[in-house]
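Inspection log for the structure reproduced underneath, given as structure tokens.
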Amino acid sequence: MPLLKCPVNSNTTIGVSFDVMDKITKAINCPYEAHRYPWKRLIYLMETDGIDVLSDIQPNAERAKIAYFSKPYGYQHIALFVRKGESEKYPINSLEELNQYKFLLGVRDSVDYGPEFKRMLDNPNFNTRLDWLAGPTNPKKLAGKRIDGLLMDPLAAPHVFREQGVYDKLERHPMPFLKAGQLTLMLNKNNVSPRVVKKINEAIDDLKISQQYLPMLLKYEDVMSTSK
1 MPLLKCPVNS NTTIGVSFDV MDKITKAINC PYEAHRYPWK RLIYLMETDG
51 IDVLSDIQPN AERAKIAYFS KPYGYQHIAL FVRKGESEKY PINSLEELNQ
101 YKFLLGVRDS VDYGPEFKRM LDNPNFNTRL DWLAGPTNPK KLAGKRIDGL
151 LMDPLAAPHV FREQGVYDKL ERHPMPFLKA GQLTLMLNKN NVSPRVVKKI
201 NEAIDDLKIS QQYLPMLLKY EDVMSTSK
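The opening residue of the sequence shown carries number 1 in our numbering; numbering runs sequentially from there.
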């Protein structure tokens with residue numbers, strides 16, 4: 001089976017995306033070669049046949065013009081973050097339970113927080129607890145006590161918090177993750193045959209990747225939780 005070319009968004013080949021690729025490609029006896037590119041170039045490279053596969057992609061109609069998509073193998077997860085030491089003030093297990101508290105939640109207008117969040121937007125009481133922001137400054141607002149919590153990717157959050165100088169001031173609340181979009185492999189139609197796509201889908205099922213994805217993700221989480 002031919003080599004698959006896969007982009008890398010960091011200086012390492014360590015992380016849940018690589019765990020997924022390692023498991024699948026080993027199962028179908030198809031090695032892959034990782035290359036590092038800036039994020040903005042990835043779709044261009046897919047369109048020009050410069051790469052074969054992108055991982056952790058949410059399908060849409062526009063992308064389907066140039067690519068196949070594997071079966072979903074996991075979800076984009078979203079976590080609730082609060083100020084350090086304040087998780088116990090809000091003993092909640094869902095967004096709906098926030099309505100019991102005086103709580104201002106920072107959210108970004110360009111982010112998909114998943115179906116649970118969308119359902120809650122129909123609740124007028126919940127809407128009064130939202131602070132919408134276009135930019136990425138919610139961590140500073142949270143540390144500065146201008147909001148009481150924020151929703152963010154649990155793997156990306158620690159890096160952003162460090163960049164904004166608030167890492168030691170925030171923690172991940174133990175509320176279960178929200179499930180946003182389903183994640184798939186995006187496979188170049190010109191470079192990857194339907195036969196290979198079928199084998200990839202069979203491997204995803206046989207290996208039960210969807211059941212393993214969250215534990216694999218948590219293995220790499222820079223745990224900002226009440227246990228730390």
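Each residue gets a CB set at the ideal place from its N, CA and C atoms; glycine is no exception.
Please read all numbers here as calculations on a predicted model, not as lab measurements.
query, result
"Could you check if Pro-136 is buried or exposed, using at least 16 other CB atoms within 10 Å of its CB as the buried criterion?", "exposed"
"Under the assumption that Gly-149 contacts Phe-103 (Cβ atoms under 8 Å), give the Cβ distance between them as a whole number of angstroms.", "6 Å"
"What is the residue span of the alpha helix (DSSP H) that Ser-17 lies within?", "16-27"
"Would you kindly check if the distance between the Cβ of Leu-187 and the Cβ of Ala-27 is under 8 Å?", "no"
"Please list, in chain order, all residues of the same chain as Ile-147 whose beta carbon is under 6 Å from its beta carbon, the five residues on each side excluded.", "Leu-104, Gly-106, Asp-131, Lys-141"
"Taking 6 Å as the limit between beta carbons, can you name the residues of its chain near Asn-138, skipping five residues before and five after?", "Gly-106, Leu-150"
"Lys-228: buried (16+ other C-beta within 10 angstroms of its C-beta) or exposed?", "Residue placement at Lys-228 is flagged as unreliable, the pLDDT there being 43, under the threshold of 50; the coordinate-derived value follows with that caveat. Lys-228 is exposed by the Cβ-count criterion."
"Whole angstroms are fine: how far does the CA of Glu-86 sit from the CA of Lys-189?", "49 Å"
"Taking only the alpha-carbon atoms, compute the straight-line gap between Asp-153 and Ala-180 and give it to the nearest angstrom.", "10 Å"
"Can you check the segment 62-86 for any alpha helix (DSSP H) of at least 4 residues that lies completely inside it and give the ranges in chain order?", "none"
"May I have the straight-line CA-CA distance separating Val-160 from Ala-143, to the nearest angstrom?", "13 Å"
"Using only alpha-carbon positions, find the residue among Tyr-32, Lys-23, Cys-30, Leu-54 that is nearest to Pro-38.", "Leu-54"
"Consult DSSP for Arg-108 and reduce its assignment to one of helix, strand or coil.", "strand"
"Could you compute how far the alpha carbon of Asp-112 sits from the alpha carbon of Phe-177?", "14 Å"
"Going by beta carbon distance, what residues of the same chain come within less than 6 Å of Lys-23, once the five residues before and after it are set aside?", "Leu-207"
"Which residue spans inside the segment 39-65 form an unbroken alpha helix (DSSP H) run of at least 4?", "42-47"
"Using CA coordinates, which residue listed in Gln-182, Gln-164, Ala-157, Leu-183 is at the minimum distance from Glu-171?", "Ala-157"
"Measuring straight from C-alpha to C-alpha, what distance separates Ile-78 and Leu-217?", "12 Å"
"Going by other Cβ atoms of all chains shown within 10 Å of its Cβ, with 16 needed for buried, is Asp-205 buried or exposed?", "exposed"
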